[in-house]
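Below is one structure, written out as structure tokens; comments come after it.
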Amino acid sequence: MNAYARTSNLAAYQSAAAHGGVAASDPHRLIVMLMDGALERIATARGCMQRGETAEKARLLNRSVQIVAELRGSLDLSAGGQIAANLSELYDYMSRRLLSALANNQVELLDEVSKLLNDIRSAWVAIPAQAQKRPGTP
1 MNAYARTSNL AAYQSAAAHG GVAASDPHRL IVMLMDGALE RIATARGCMQ RGETAEKARL
61 LNRSVQIVAE LRGSLDLSAG GQIAANLSEL YDYMSRRLLS ALANNQVELL DEVSKLLNDI
121 RSAWVAIPAQ AQKRPGTP
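To convert, note that position 7 of the sequence shown is 7 in our numbering; the numbers rise steadily by one, no gaps.
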């Protein structure tokens with residue numbers, strides 16, 4: 001097997017594994033995966049920003065904004081009450097900060113959003129297993 005075929009097979013395997021992970025995941029796990037994806041892209045965009053890789057920075061931050069929008073869209077505002085409303089506003093704030101970071105090359109805004117998202121992620125993964133399965137859990 002040549003190097004190209006190995007690389008192609010590896011990419012196909014990784015893609016299948018990633019899609020399988022999403023298909024088999026419960027809703028609670030999917031939210032964690034979205035948060036991890038956003039955090040990874042923000043960290044990579046930070047490096048691109050520092051190296052002056054404008055196109056890749058833009059691609060990564062635009063995808064991060066899309067992921068944050070998906071997180072916001074996953075909120076059940078009627079069942080989640082004030083907590084869901086607060087999270088919705090916070091996700092909106094994060095999106096605006098990411099777009100500002102993109103436009104103005106401000107690494108500190110990326111750090112701010114990463115910290116906020118990490119804080120939410122930590123709280124989310126701390127939810128007990130019983131509560132994760134309860135109807136109405138965002």
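Just so you know, even glycine gets a beta-carbon here, dropped at the ideal spot from N, CA and C.
Proximity of residue i and residue j at Cβ, strictly below 9 Å
i   : j    : result
L71 : Y93  : no
S95 : A69  : yes
S64 : V113 : yes
Closest residue to residue i among the options (Cα-Cα distance)
i    : options                   : result
L116 : C48, N105, E53 and E89    : E89
I83  : H28, I120, R29 and P128   : I120
R41  : L61, V32, R96 and Q66     : L61
L98  : R46, A79 and I127         : R46
E56  : L102, A126, I127 and S122 : L102
N105 : P27, D36 and G52          : G52
Reduced DSSP category for residue i - H, G, I as helix; E, B as strand; rest coil
i    : result
N105 : coil
I31  : helix
L75  : coil
A126 : coil
D111 : helix
D119 : helix
D26  : coil
G52  : coil
Residue i to residue j span [Cα, whole Å]
i    : j    : result
R59  : Q66  : 11 Å
V107 : L39  : 14 Å
A123 : L75  : 15 Å
A126 : C48  : 32 Å
G37  : T44  : 11 Å
Q50  : A85  : 35 Å
T54  : D111 : 18 Å
A24  : L30  : A caution first: A24 carries a pLDDT of 49, below 50, which makes its placement in the model unreliable, though a value can still be read off. C-alpha separation (whole angstroms): 9 Å.
S78  : M35  : 22 Å
H28  : N118 : 16 Å
D26  : P128 : 14 Å
G80  : G73  : 13 Å
The ligand SAM heavy atom lying under 8 Å from the CB of residue i
i   : result
S95 : Here there are no bound small molecules, and the ligand SAM is not part of this structure.
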